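Position 108 (the sequence shown) corresponds to 1141 in this note's numbering; numbering is contiguous. The beta-carbon is built from N, C-alpha and C at its ideal position, and this holds for glycine as well. As the structure is a prediction and not an experimental result, all values here were calculated from the model. These notes are about the structure you will find just below.
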Amino acid sequence: MSEVLKVLPQYLLPKQALTTLAGRIAAAEAGGTTTALIRRFIERYGVDMAEAVESDPAAYPSFNAFFTRALKPGVRPLYEADWVSPVDGAISQFGRIEDGQIFQAKGHQYSTTALVGGDTALAAHFHHGSFATLYLSPRDYHRIHMPATGTLRRMLHVPGALFSVNPTTARGVPGLFARNERVVCVFDGDARTPGPWVLVLVGATIVGSMATVWHGLVNPPRPGTLREWSYADGEQVLRQGAEMGRFLLGSTVVMLMPGPLRFNPAWAPGGAIRMGQVMANRAT
């Protein structure tokens, strides 16, 4: 069966309604029912609760609280690199941006301009830059951390579809990551990692919401129009490795970085990654 046929049902599903319903279920504090749901999820996906600060499923009042659980100090050491992985997950794709086009999957590309919500001036910084697309599966740790030290300049909430972002869908839906709802975070860098650079949180089917540490929940609401926030110099400075946001149910992160990079030679599409591991260094 072709990848297009595999994803065809997603065009027909009421994705917005399913996402709203999933968000309500995940936020509900239903006592034993919530605990039973969490236990079933742990068993189904093989979640390693030994890494969590709170390993007892019954201690979480809601599924969201479990899904965005904190990890014990030291279980994700920060490696020495210009850029480190911001998440636990799997590598979807990474590499050079060619003439403003990002490689999604065989036969599919999309533009940096579309990804950042149509801002051509911002996209121009990455015309021949580098990108990394990282997929968070249901079993993964779902807090997002800073891949490099950055000063927040802007945040955009770009409305869009809510397709799944799993590998099959990435191969079957053209321009997937520039079609789905997303939160675009624009940072200035420092001497080690000059900016601007961009970290994009991409929504998906049943991803109830996305949040950042400086704003809280970004969605809902979903007004259907682009929203933007600007930040003064020095207002929000986040160090490499610091938490910057989280998914309430999993999704994908896309990073845009200026200039060529030397990516970790151990990286390959489909490979597993952990937050804090070496992602890339500036090309010399």
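Determine, using beta-carbon pairs with one atom in the stretch 1182-1190 and one in the stretch 1207-1223, whether at least three such pairs fall under 8 Å. yes
Could you have a look at W1205 and say whether DSSP puts it in helix, strand or coil? As written in the sequence, residue 1205 is Gly, which differs from the Trp given in the question. If DSSP states are grouped into helix, strand and coil, G1205 belongs with the helices.
Taking only runs that begin and end inside the stretch 1051-1110, name each unbroken beta strand (DSSP E) of 3 or more residues, in chain order. Fully enclosed beta strand (DSSP E) runs of 3 or longer: not present.
Nearest-angstrom beta carbon gap, I1124 and A1301 [assumed within contact, 8 Å]: 7 Å
From K1139 to A1092, what distance separates their C-alpha atoms? Our two residues, K1139 and A1092, have alpha carbons roughly 44 Å apart in a direct line.
Just to confirm the assignment: which complete beta strand (DSSP E) runs, minimum length 3, are found wholly within the stretch 1172-1198? 1176-1178, 1183-1191
Cβ neighbour criterion (16 or more within 10 Å) applied to T1166: buried
According to DSSP, which residues form a beta bridge with I1306? G1122
Candidates Q1269, A1059, D1223, R1279: closest to A1103 by CA position: R1279
Closer than 7 Å by C-beta to A1147: which residues in its own chain qualify, once you throw out the five before and the five after it? Chain order, please. Excluding the 5 residues flanking it on each side, A1147 has same chain C-beta neighbours closer than 7 Å at G1208, A1211, in chain order.
Are R1307 and R1109 close, meaning C-beta to C-beta below 8 Å? yes
Beta-ladder partner(s) of A1138, from DSSP: Answer is H1141.
Roughly how many angstroms separate the alpha carbons of L1294 and D1223, rounded to a whole number? 16 Å
Test item: CB-CB of Q1137 and A1194 under 8 Å: No; because the gap between Cβ atoms is not below 8 Å, this pair is not in contact.
Pull the bridge partners of G1128 from the DSSP assignment, please. F1164
According to DSSP, residues forming a beta bridge with N1297: Answer by DSSP bridge pairing: none, since N1297 is not bridged.
Same chain, Cβ closer than 7 Å to G1122, neighbours up to 5 away in sequence not counted: L1167, Y1168, L1169, S1170, D1173, I1306
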